[in-house]
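To get this note's numbering, take the position in the sequence shown, counting from 1, and add 1477. Every residue gets a Cβ at the ideal spot worked out from N, C-alpha and C, and that includes glycine. Step one of this worksheet: look at the structure below.
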Amino acid sequence: MSTSNPKSPSREDLDDTRRAALEEIDNAKFGWFHIRACLVAGIGFFTDAYDLFSINLVSAILGYTYFSSINANEVPTDIDSGLKSSAAIGTMFGQLIFGWMADRFGRKKMYGIELMIIIVTTIGSALSPKNLSIDMYTIIIVWRLILGLGIGGDYPLSAIITSEFASKKRRGAMMAAVFAMQGFGILFAGVVSLVTLLAFRPLILSNSQNLDYVWRIIIGVGIIPATIALYFRLTIPETPRFTIDVQGNVDKAAHNIKFALEQGKYIEKYEIESEYRIVIQKATWKDFIHHFGQWENGKVLLGTSVTWFAHDIAYYGIGLNNAIILEAIGYVKTDDAYQSLFNISIGNIVITLMGTIPGYWFTVFLVDSLGRKYIQLQGFALLTIIFIIIGFGYKEIITKSIPLFIILYSLSQFFQNFGPNATTFIVPGEVFPTRYRSTCHGISAASGKLGAIISQFVFLKLKDIGGKNQSVNHLFKFFGFFTFIGFLFTLLIPETKGLTLEELSNEKKIIHIDKDTKDIIIDDPTILSSRSIRKSRPWYEEDDDFSDAS
């Protein structure tokens, strides 16, 4: 058995330093540093939601601008499907790619890159030309596909950075607050649309072709919050858990935690490099398969992935088609382009204020007391009931009481956000080991976007069976089936409130044999082995190749 360098610190010294550092951040009082972390991450989600959901309004504008005479003021189904699903497809791949890269190269190195992608592609979409050999809609779809990569990267990065900086007492509220900025992003999309329409009202009334300026402005405004957040994203520090559990630099993490909590920020020039580092199990495909091949670990990843998939079937099926649903109940449809688009904007604002934003903030204030699992279960259960009521009673409800439909519809928005929309984002940021936390959050989130993509194609293909918007009721039944599936798979995930990330990672001692030295090594992130201290080298060079002992 190899022993530590006699001049190096003892295993107990580094172990004590590591434990003390993690306890300090787990038990820290809520302060400016936590607020700053939430704001930096939250502005990104504000931008993401604005970019994703503004297409609901933009698509309606494009219909009146370019298809007034050839398709009854509506964008053809294939183009509408491409506009609404392209960003979701890009998001799915962005979640997988950035999720893995954040675990491989570090959270700090990846943070900010996704916003750069969003800024460039937003400008490209807004300036899409009309007179090239490639039609404008194809150009917009391609830009939104690339835009999705940036939006996708924001999910695992913001979730993991927030969770790894948060105290265990308020971790749920911090992550929920970051995600709740989506609600304000959706609201902002409606407000920008309304204000732009009002500003261009005389021009639109004189010639509907002037709506071309409106949709470009709506898309282009998305670069403003992204640009504001970019500097802070690029200067955010590496998380303490990645510094310890992947880079192995205990002293640096301990120093940075202490300084951040005392000063409310990091100052890079005061960061220190430890002479000695700990060696902990590295992330490899073999180790990944070994860890998640155990049912007690694999069921958690299965649960987070399927619940997010099931939820996004309903969430994006409704959220990206609010204008169609409002039209189906007779709220927005007129022959006047300006008035119809004005009604769509007002309808989106009202629904967001009635259900979406309150639901998000109920979760923020209650998630650390009620618990993630309880909120997710009650959300899925109530959504199933609401969708069944709307699905089977749709025609009678919209015939006799449009206000009742609006109430039920708003309640569905409320319980999506005071329910699985928030918790499916929170839980994957808590329940996995540090070396796979971002990767697994990306896998879970990408499963959700797969559901969103499927939902778009199902919605747009099935809604007109039997006549225009005549099958919307069956779509609500379809959504109810999947929210029930989400309820069942929620039973696979653990309750995470009040527990540290180390307790939730479900790590156990794993015995390995070093193939070169034949030393027996006990790897456990909570206990350092006798061979777990080594002279410091650049962390990316420390790629020990472990093989599992039989």
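Supposed close pair residue i, residue j - CB separation, criterion 8 Å
i	j	result
residue 1902	residue 1652	7 Å
residue 1777	residue 1626	27 Å between Cβ atoms; not a contact.
residue 1565	residue 1933	7 Å
residue 1928	residue 1789	4 Å
residue 1695	residue 1535	6 Å
residue 1730	residue 1531	At roughly 40 Å, the Cβ-Cβ gap does not stay under 8 Å, so residue 1730 and residue 1531 are not in contact.
residue 1526	residue 1659	4 Å
residue 1823	residue 1671	7 Å
residue 1528	residue 1628	6 Å
residue 1618	residue 1559	4 Å
residue 1664	residue 1830	7 Å
residue 1963	residue 1784	5 Å
residue 1874	residue 1717	No, residue 1874 and residue 1717 are not in contact; Cβ-Cβ is about 52 Å, not under 8 Å.
residue 1596	residue 1703	5 Å
residue 1849	residue 1649	6 Å
Euclidean distance between Cα positions of residue i and residue j
i	j	result
residue 1634	residue 1712	14 Å
residue 1885	residue 1582	46 Å
residue 1764	residue 1872	54 Å
residue 1979	residue 1908	9 Å
residue 1512	residue 1642	11 Å
residue 1669	residue 1538	13 Å
residue 1869	residue 1568	33 Å
residue 1772	residue 1518	33 Å
residue 1949	residue 1973	37 Å
residue 1646	residue 1847	12 Å
residue 1692	residue 1700	14 Å
residue 1561	residue 1602	13 Å
residue 1794	residue 1936	6 Å
residue 1775	residue 1925	18 Å
residue 1863	residue 1853	15 Å
residue 1576	residue 1545	43 Å
residue 1543	residue 1857	40 Å
residue 1604	residue 1612	13 Å
residue 1998	residue 1913	With a pLDDT of 45 at residue 1998, under the threshold of 50, the predicted position of this residue should be treated as unreliable, though the coordinate-derived value follows. Cα to Cα, the separation comes out at about 21 Å.
residue 1551	residue 1734	55 Å
residue 1818	residue 1836	26 Å
residue 1983	residue 1910	8 Å
residue 1554	residue 1656	31 Å
residue 1977	residue 1541	53 Å
residue 1844	residue 1906	14 Å
residue 1624	residue 1599	7 Å
N-terminal and C-terminal residue of the alpha helix (DSSP H) that residue i is part of
i	result
residue 1831	Looking at the DSSP string, residue 1831 is not in any alpha helix (DSSP H), and its letter there is neither H nor E.
residue 1977	First-last for residue 1977: undefined, no H or E at that position.
residue 1761	Premise fails: residue 1761 is in no alpha helix (DSSP H) and is neither H nor E.
residue 1722	1717-1722
residue 1647	Per DSSP, residue 1647 belongs to no alpha helix (DSSP H) and is neither H nor E.
residue 1588	Looking at the DSSP string, residue 1588 is not in any alpha helix (DSSP H), and its letter there is neither H nor E.
residue 1950	1949-1967
residue 1633	1613-1642
residue 1507	Premise fails: residue 1507 is in no alpha helix (DSSP H) and is neither H nor E.
residue 1863	1849-1877
residue 1572	1554-1582
residue 1712	Element bounds for residue 1712: n/a, residue is neither H nor E.
residue 1688	1688-1697
residue 1898	1897-1903
residue 1680	1678-1683
Exposure of residue i, with buried meaning 16 or more beta-carbon neighbours within 10 Å
i	result
residue 1621	buried
residue 1766	exposed
residue 1591	buried
residue 1640	buried
residue 1678	exposed
residue 1509	exposed
residue 1497	exposed
residue 1878	exposed
residue 1494	buried
residue 1708	exposed
residue 1586	exposed
residue 1813	exposed
residue 1762	exposed
residue 1676	exposed
residue 1890	buried
residue 1608	exposed
residue 1507	exposed
Beta carbon proximity, residue i to chain B, threshold 8 Å
i	result
residue 1834	No chain B appears in the structure shown, which is made up of a single protein chain.
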